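Residue numbers (this note's numbering): 11 to 121.
For glycine and all other residues, C-beta sits at the position ideal for the given N, C-alpha and C.
This structure is a prediction, so every number in the text was calculated from the model and none was measured.
Below: one structure, written as structure tokens.
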């Protein structure tokens, strides 16, 4: 993609968004994503405030990432280390069922 003159963080966020769109069009349900920008990763995961110049891109990414948003929210509320390697936390089960059935979830809806 020719992005013109953009910051590294904008380029990273756009690359992530376009990759997720590409994967969704190919009916890929599960992916592991790596990135070089800690700011973009933290913004997607909800671990920091989203800078104004990334806000619309990050919102696009999160719309397709509802289950992850719930898991991050649950993890951030806990004081102890949590590793969910065998199953999802109970709080994320409903979001996962919505996602599996293709219903998705409107941003701001509650579980």
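Taken atom to atom, the span from the alpha-carbon of residue 80 to that of residue 58 is near 15 Å. In this structure, residue 106 sits near residue 77, with a CB-CB distance shorter than 8 Å. Contact between residue 13 and residue 26 is ruled out by a C-beta separation of about 13 Å, above the 8 Å threshold.
The shortest CA-to-CA distance from residue 16 to any of 63, 91, 95 is the one to 63. Counting along the chain, the unbroken alpha helix (DSSP H) around residue 55 starts and ends at 48-55. Counting the other CB atoms within 10 Å of its CB gives residue 96 a total below 16, which places it among the exposed residues. Secondary structure at residue 14: coil, using DSSP grouped into helix, strand and coil. Between the alpha carbons of residue 61 and residue 91 lies a gap of roughly 27 Å.
A direct Cα-Cα distance of roughly 6 Å separates residue 55 from residue 82.
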